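Quick note, the sequences are listed as chains G and Y, same order. Residue numbering for the first sequence follows full-length UniProt numbering, starting at 1 and increasing by one per position. Residue numbering for the second sequence follows full-length UniProt numbering, starting at 1 and increasing by one per position. For glycine and all other residues, C-beta sits at the position ideal for the given N, C-alpha and C. No experiment lies behind these values; they were computed from the predicted model shown.
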Amino acid sequence: MVAWTDFERATIKDIFSKIDYECNLFKCSCFLRCLIVYPWTQRYFAGFGNLYNAAAITSNPKVAAHGKVVMQGLEKAVKNMDNIKATFTELSTLHSEKLQVDPDNFMLLGDCLAIVVAAQLGKDFTPEVHAAFQKFLAVVVSSLRRQYY
Amino acid sequence: MVKWTELERSTVNAIWEKIDIDEIGSQIWARVLIVYPWTERYFGSFGDLFTITAILKNDKVAAHGRMVLKALDKAVNNMDNMKRTYAALSRLHFQKLEVDPDSFRLLADCITITIACKLKSALSPQSQAIWQKFLSAVVDAMSSQYR
Numbered sequence: 001m002v003a004w005t006d007f008e009r010a011t012i013k014d015i016f017s018k019i020d021y022e023c024n025l026f027k028c029s030c031f032l033r034c035l036i037v038y039p040w041t042q043r044y045f046a047g048f049g050n051l052y053n054a055a056a057i058t059s060n061p062k063v064a065a066h067g068k069v070v071m072q073g074l075e076k077a078v079k080n081m082d083n084i085k086a087t088f089t090e091l092s093t094l095h096s097e098k099l100q101v102d103p104d105n106f107m108l109l110g111d112c113l114a115i116v117v118a119a120q121l122g123k124d125f126t127p128e129v130h131a132a133f134q135k136f137l138a139v140v141v142s143s144l145r146r147q148y149y
Numbered sequence: 001m002v003k004w005t006e007l008e009r010s011t012v013n014a015i016w017e018k019i020d021i022d023e024i025g026s027q028i029w030a031r032v033l034i035v036y037p038w039t040e041r042y043f044g045s046f047g048d049l050f051t052i053t054a055i056l057k058n059d060k061v062a063a064h065g066r067m068v069l070k071a072l073d074k075a076v077n078n079m080d081n082m083k084r085t086y087a088a089l090s091r092l093h094f095q096k097l098e099v100d101p102d103s104f105r106l107l108a109d110c111i112t113i114t115i116a117c118k119l120k121s122a123l124s125p126q127s128q129a130i131w132q133k134f135l136s137a138v139v140d141a142m143s144s145q146y147r
């Protein structure tokens, strides 16, 4: 089980309380960013319609909706920091067996989330806060990878 | 050789113009040492790196960060010839400093995060994509003399 310090717990909860959800759904979603910065990830979203350029991706309602699903998943992890593995068991199985997503992509999404959080927090995203957040992302990614074999 | 479009060249330059090497350089290196603490192994001669406070106050850390960004400035000005620009530096890191080349990627990530903190929403997804292409070319050039 992952051991969290009080600082790490407080930091993660604080970050998620400060995330601008409005911005995250429509303009600065980590999911939207992932599709643009790592374009090969678009292969998993053939049913989303027009993803041909950044403008299309940014205005695509299915992209916004999926961005919301991703954030809701992460919020579950924030509420269950002592049991992220169990929280994500089903999601991990889904991504492995049904969606057949390359697990390397989880870290790409994590990287985009770090950038979005850094951009929103600015100078408040200090190195210590960054380190705590990176640890949280590593645990989330590891939990999502866990059911892959 | 990496191909750059006009948009990519102007985006990299536009981002770089907004970066104050003295201000950002010191932050970047502290961030690498704090977020990826195993990188401290390369800096035995830097003195006190035992706590986050010590790292943030350490003058050698700040100076090293500024030095790294000055080297990055060379890449911005030689985007068509990064491998040659960094050949000697790559050899130094491989043969003399024995730095794990994976560390270059960690540094690149910290540079991008620090820039995101500074530029905020001005680092749009498209700009981020172009900046990360630029940094992957830098990381590639820095790894080029490893064998």
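In or out: residue i buried (at least 16 other Cβ within 10 Å) or exposed?
| i | result |
| --- | --- |
| GLN120/G | buried |
| VAL69/G | exposed |
| GLU8/G | buried |
| ASP80/Y | exposed |
| ARG147/Y | exposed |
| PHE106/G | buried |
| ASN80/G | exposed |
| residue 178/Y | With chain Y covering only 1 through 147, there is no way to say anything about residue 178/Y. |
| ASN77/Y | exposed |
| LEU51/G | buried |
Can you tell me whether DSSP reads residue i as helix, strand or coil?
| i | result |
| --- | --- |
| ASN78/Y | coil |
| PRO103/G | coil |
| LEU123/Y | coil |
| ARG146/G | coil |
| TRP4/Y | coil |
| LYS18/Y | coil |
| THR5/G | coil |
| TYR122/G | Checking the sequence, you will find Gly at residue 122/G rather than Tyr. GLY122/G falls in the helix class under three-state DSSP. |
| GLN145/Y | coil |
| ILE115/Y | helix |
| ILE130/Y | helix |
| PHE136/G | helix |
On a CA-only basis, which of the options is nearest residue i? Give me that one, please.
| i | options | result |
| --- | --- | --- |
| PHE101/G | PHE7/G, SER29/G and PHE45/G | Here residue 101/G turns out to be Val, not Phe, going by the sequence shown. Comparing Cα positions, the closest option is PHE45/G. |
| VAL2/G | TYR148/G, GLY47/G and SER142/G | SER142/G |
| GLU23/Y | THR39/Y, THR51/Y and ALA63/Y | ALA63/Y |
| TYR148/G | PRO103/G, HIS66/G, THR126/G and PHE133/G | PRO103/G |
| CYS23/G | VAL116/G, ALA77/G and ARG146/G | VAL116/G |
| VAL32/Y | PRO125/Y, ILE52/Y and GLU17/Y | ILE52/Y |
| GLN145/Y | LEU97/Y, VAL68/Y and GLN132/Y | LEU97/Y |
| ILE12/G | ALA64/G, VAL63/G, ASN53/G and ASP82/G | ASP82/G |
| LEU119/Y | GLU8/Y, MET67/Y, ALA87/Y and ASP20/Y | ASP20/Y |
| LEU92/Y | LEU123/Y, SER143/Y, ILE111/Y and ARG105/Y | SER143/Y |
| PRO37/Y | ALA137/Y, LEU106/Y and ILE111/Y | LEU106/Y |
### Query
For the 8 Å Cβ check, are there 3 or more pairs between the segment 15 to 24 of chain G and the segment 109 to 123 of chain G?
yes
### Task
Report the residue ranges of all alpha helix (DSSP H) runs contained in full by the segment 52 to 103 of chain Y; include only those spanning at least 4 residues, in chain order.
52 to 57, 59 to 77 and 82 to 91
### Message
Please give the ranges of any alpha helix (DSSP H) in the segment 26 to 68 of chain G, keeping only runs that are unbroken, at least 4 residues long and fully inside the region.
### Response
30 to 37 and 54 to 59
### Query
Are the segment 100 to 109 of chain Y and the segment 8 to 27 of chain Y in contact at 8 Å, needing three or more beta carbon pairs?
no
### Message
For the structure I just gave you, are there three or more beta carbon pairs, one from the segment 5 to 16 of chain Y and one from the segment 118 to 137 of chain Y, closer than 8 Å?
### Response
yes
### Query
Is the segment 113 to 129 of chain Y close to the segment 30 to 38 of chain G, with three or more CB pairs under 8 Å?
yes
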